Amino acid sequence: MSATPRRGFLVGTGAFGATALLTGCLANDPPQQQPAAVAAGGDNAAPGPQVTIGFSAPAADHGWMAAMTTNARAQAEGLPDVTFRATEGGTDVNQQIAQVETLINEQVDVLVILPADGKALTDVARRATEAGIPVVNVDRVFDSPDAYRVWIGGDNHGMGVNAADHIAAELRRRNIADPVIAEIAGTDSLPLTQERSAGFREGLARHGMRVSRRVAADFTAESGERQATNLLQAAAHLDAVWNHDDDQGIGVLAGIAAAGREDFFLVGGAGSRDMMDRIKAGDGVVQATVLYNPSMCSSAISLARLLAQARGMSDLAEHEVPRSITTYSAVVTRANVDQYLDVGFAS
Amino acid sequence: MNEQTLTPVDTQPSRLGSWWARADIRLIALVLVLVGLCVVGYATRPDAFLTEGNISTVLRLAAAIGVVSVGMTFVISAGGIDLSVGSMVALCSVWMTTWAAQSYGVVVMVVCALLVGTGCGLVNGLLVAYGRVVPFIATLAMMASARGLAERISGRQTQVVDVPAFGAVFQADLLGVPVLIWIFAAVFAGGWTLLNRTTFGRRTLAVGGNAEAARLAGINVRRHTALVYALAGLCCGIAAIMVVARTTSGASTNGLFYELDAIAAVVIGGTLLAGGRGSMTGTVIGVLIFTTLSNVFTLNNLETDVQNIVKGAIIVLAVLLQARTRRRSSFS
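So the protein lines, in turn, are chains A and B. First residue of the first sequence: 45, per the numbering used here; consecutive thereafter. First residue of the second sequence: 148, per the numbering used here; consecutive thereafter.
Now the structure itself:
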């Protein structure tokens with residue numbers, strides 16, 4: 045993996061040689077992902093007719109998105125009756141539309157689409173459906189129910205509510221009256237961020253609390269560090285912080301460590317392995333994380349297989365796969381972290 | 148502040164006297180904007196704004212983008228543009244934090260960042276100078292491929308630094324001031340001296356002002372252009388070290404939009420986008436303006452979208468102001 049990308053850069057630049065030899069050849073051994081395999085119950089596990097699953101997701105530009113693709117692949121590889129046909133993630137919506145068109149032309153049995161933008165991909169998903177290919181829509185929902193057979197995704201609003209409930213309970217346990225609560229949101233222009241924030245606000249309001257300070261980062265470690273640093277300057281004292289995303293959380297924690305602050309506890313979001321390890325260790329500010337877990341993409345592959353094989357979910361009384369499934373944003377704390385370590389993704 | 152200028156407009160005599168007086172006016176305007184922001188910051192949060200901790204925070208946040216902007220000032224002064232700085236920061240940060248580099252320790256990590264940065268910058272420079280590729284295109288290509296390579300190397304995962312010595316050096320304080328701020332100051336001082344006090348600087352401005360004239364004057368324009376881009380790459384390597392020190396990790400998402408922030412800072416700082424005139428001090432004040440803006444907004448718990456609107460307004464204002472001073476001086 046290290047040799048090929050290196051080649052282009054070495055042309056004409058002798059200066060590179062030394063570094064490359066020192067690190068390039070030996071480096072680049074990223075930590076192994078923890079693919080989240082979902083155990084199928086009942087006779088769902090029994091092999092069925094051979095099916096081809098087409099998969100399309102946006103470019104994996106950070107840990108959570110990378111884990112979505114990795115999980116899908118791992119799940120498919122574990123199913124002997126599935127042929128997995130993935131397209132390489134693109135950076136823009138047009139590219140993803142083209143990828144889905146390719147998969148339609150190849151006449152895969154079922155499509156799993158995680159759209160970069162649900163609205164923009166609705167049309168091509170509808171065309172797939174019309175061409176007789178059922179579509180499993182993951183996470184960002186299409187504009188029209190005609191465009192998909194099954195939707196599976198996370199609960200952004202519920203994520204905010206559960207974070208609020210946990211924080212309120214913890215503050216009450218610590219006997220803190222009139223707490224100062226801060227929120228480090230993700231990219232503000234995304235509906236998912238707005239839903240998370242709304243859920244958090246409403247959840248706190250039910251406990252008679254409110255968000256005192258709010259900043260928005262961009263789901264990257266760097267932006268998390270920048271926003272956390274400014275936030276900690278702005279507030280001399282904090283009681284609790286909810287950070288929407290564990291990828292940006294790496295930066296947030298760096299900012300907190302640099303400021304040397306320990307006056308509050310932090311609740312994360314998404315459920316990365318790193319955060320779970322910190323929760324388990326229990327010696328820092330990280331106290332919990334609210335799941336929005338990429339294991340949903342593993343489940344999407346299982347659902348796609350059952351759809352293509354015209355089977356239902358054996359644990360349910362229904363003959364068919366349900367129309368929509370919302371994953372639960374459980375709060376992972378020190379008490380239950382061991383139960384969730386298997387779905388913790390590498391950020 | 149003493150700034151070098153070589154454009155014909157600036158060498159004409161004017162009511163304001165010699166050229167450095169006009170350079171002063173530009174800088175004074177920028178300083179006034181910065182002071183204005185500080186006044187707003189102090190007026191709204193007297194308890195938090197002018198504290199030692201907050202000033203140190205602003206400077207540390209400005210450090211990485213400031214160092215990148217110093218490199219960008221050279222490139223733009225020489226009549227070029229570098230769109231790849233953000234991607235180069237990402238690539239350097241990832242390269243220096245891959246596990247093998249980390250296992251060789253802090254020195255190898257730092258050397259990696261500097262070499263990779265310089266190397267990428269040199270590739271840009273060679274493409275522009277000897278390959279005759281337009282700077283916009285050459286660096287656009289680097290912008291895409293360096294980010295891609297960073298994603299490839301990191302597996303799109305954030306590479307956390309596990310070398311205690313690295314943190315001990317780059318997150319430490321020296322004489323009560325964070326090491327990062329020292330590095331930022333050193334790079335600025337070095338950049339200022341190089342641009343204003345050396346043959347290299349004079350040649351940079353000459354190449355940017357009129358490449359043909361510079362060639363006839365005996366300057367090896369191609370070699371000089373290549374060196375200027377390599378210098379910008381080196382700055383990206385230094386910035387990557389700073390970003391890694393701040394975030395304790397290397398990621399392919401590091402340095403997003405640095406090219407735009409750096410170009411904005413350089414242009415409002417008074418460096419001509421067409422080349423031939425460069426103001427290192429202006430650039431650094433530009434960076435400080437944007438960083439302070441974001442700090443003041445966060446202190447007052449304001450939304451980020453409003454912050455972006457104000458940022459845009461400041462860019463337009465500063466450039467309009469400079470256009471006015473330039474017109475006045477050339478018409479007088």
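Backbone N, C-alpha and C fix where the C-beta goes; we use that ideal spot for every residue, glycine too. These numbers were taken from a predicted model, which means no experiment stands behind them.
Between the CA atoms of residue j and residue i - distance to the nearest angstrom
i	j	result
leucine 403 of chain B	leucine 435 of chain B	18 Å
glycine 384 of chain B	glycine 268 of chain B	10 Å
arginine 294 of chain B	cysteine 239 of chain B	10 Å
aspartate 327 of chain A	isoleucine 225 of chain A	21 Å
alanine 460 of chain B	leucine 177 of chain B	14 Å
tyrosine 384 of chain A	aspartate 291 of chain A	17 Å
arginine 129 of chain A	glutamine 94 of chain A	13 Å
alanine 298 of chain A	threonine 245 of chain B	18 Å
isoleucine 415 of chain B	aspartate 190 of chain A	51 Å
phenylalanine 308 of chain A	asparagine 337 of chain A	25 Å
valine 270 of chain B	threonine 372 of chain B	11 Å
leucine 275 of chain A	threonine 204 of chain B	11 Å
leucine 378 of chain B	leucine 347 of chain A	54 Å
valine 152 of chain A	cysteine 382 of chain B	49 Å
asparagine 401 of chain B	threonine 346 of chain B	34 Å
Residue i: first and last residue of the uninterrupted beta strand (DSSP E) it sits in
i	result
glycine 313 of chain A	309–314
isoleucine 415 of chain B	Taken as a continuous stretch (DSSP letters only), isoleucine 415 of chain B belongs to no beta strand (DSSP E), being part of the alpha helix (DSSP H) at 405–415.
isoleucine 228 of chain B	Isoleucine 228 of chain B -> no beta strand (DSSP E), and no H or E assigned at all.
glutamine 140 of chain A	Run containing glutamine 140 of chain A: none in the beta strand (DSSP E); it sits in the alpha helix (DSSP H), 137–149.
glutamine 94 of chain A	Run containing glutamine 94 of chain A: none; DSSP gives neither H nor E here.
asparagine 287 of chain A	284–287
glutamine 331 of chain A	330–335
asparagine 181 of chain A	179–182
Among the options, the one whose alpha carbon lies nearest that of residue i
i	options	result
glycine 304 of chain A	A/His288, A/Thr273, A/Leu147, A/Asp291	A/Thr273
aspartate 318 of chain A	A/Ala390, A/Ala110, A/Val259	A/Ala390
tyrosine 192 of chain A	A/Asp167, A/Asp262, A/Val126	A/Asp167
phenylalanine 313 of chain B	B/Tyr405, B/Leu449, B/Ser234, B/Val390	B/Val390
proline 102 of chain A	A/Asn88, A/Asp87, A/Gln140	A/Gln140
arginine 170 of chain A	A/Pro91, A/Phe244, A/Ile148	A/Ile148
glutamate 220 of chain B	B/Gly188, B/Arg173, B/Val443, B/Gly355	Note that residue 220 of chain B is threonine in the sequence shown here, rather than glutamate. Cα-wise, what sits closest to threonine 220 of chain B is B/Gly355.
leucine 287 of chain B	B/Arg299, B/Glu298, B/Gly272, B/Tyr277	B/Gly272
alanine 205 of chain A	A/Pro235, A/Ala280, A/Trp195, A/Trp286	Correcting the residue identity first, residue 205 of chain A is valine in this sequence and not alanine. Comparing Cα positions, the closest option is A/Trp286.
leucine 165 of chain A	A/Val154, A/Val179, A/Val152	A/Val179
valine 257 of chain B	B/Val310, B/Gly226, B/Asp320	B/Val310
glutamine 304 of chain B	A/Thr131, A/Asp209, A/Met109, A/Glu269	A/Met109
leucine 467 of chain B	B/Ile330, B/Gly417, B/Cys185, B/Tyr405	B/Gly417
glycine 197 of chain A	A/Val137, A/Met320, A/Asp262, A/Ser343	A/Ser343
Helix, strand or coil at residue i according to DSSP, with G and I counted as helix
i	result
valine 194 of chain A	strand
glutamate 227 of chain A	strand
arginine 378 of chain A	coil
leucine 177 of chain B	helix
alanine 248 of chain B	helix
proline 325 of chain B	strand
glycine 68 of chain A	For glycine 68 of chain A, the predicted model reports a pLDDT of 42, less than 50, meaning its position is unreliable; a value from the coordinates is still stated below. Note: glycine 68 of chain A maps to helix in three-state DSSP.
glutamine 454 of chain B	helix
asparagine 447 of chain B	coil
leucine 208 of chain B	helix
threonine 430 of chain B	helix
glycine 295 of chain A	helix
glycine 459 of chain B	helix
glycine 98 of chain A	strand
leucine 163 of chain B	The predicted position of leucine 163 of chain B is uncertain, since its pLDDT is 46 and thus under 50; a value taken from the coordinates is nonetheless stated next. Reduced to three states, the DSSP call for leucine 163 of chain B is coil.
serine 396 of chain B	strand
threonine 198 of chain B	coil
Beta-carbon separation (whole angstroms), residue i vs residue j, contact threshold 8 Å
i	j	result
aspartate 229 of chain B	valine 222 of chain B	5 Å
asparagine 200 of chain A	glutamate 239 of chain A	4 Å
alanine 195 of chain B	isoleucine 328 of chain B	Contact flag wrong, Cβ pair sits at about 19 Å.
glycine 293 of chain A	glycine 312 of chain A	5 Å
arginine 322 of chain A	valine 330 of chain A	4 Å
glycine 226 of chain B	glycine 423 of chain B	7 Å
valine 215 of chain B	alanine 386 of chain B	5 Å
glutamate 227 of chain A	arginine 258 of chain A	5 Å
The alpha helix (DSSP H) enclosing residue i, as first and last residue numbers
i	result
valine 354 of chain B	346–356
leucine 276 of chain A	265–278
isoleucine 284 of chain B	282–301
phenylalanine 186 of chain A	It is not in any alpha helix (DSSP H) - phenylalanine 186 of chain A carries neither H nor E in the DSSP assignment.
phenylalanine 389 of chain A	From DSSP, phenylalanine 389 of chain A is part of no alpha helix (DSSP H); its letter is neither H nor E.
arginine 217 of chain A	200–217
alanine 260 of chain A	Where alanine 260 of chain A is concerned, there is no enclosing alpha helix (DSSP H), although the beta strand (DSSP E) it sits in stretches over 255–260.
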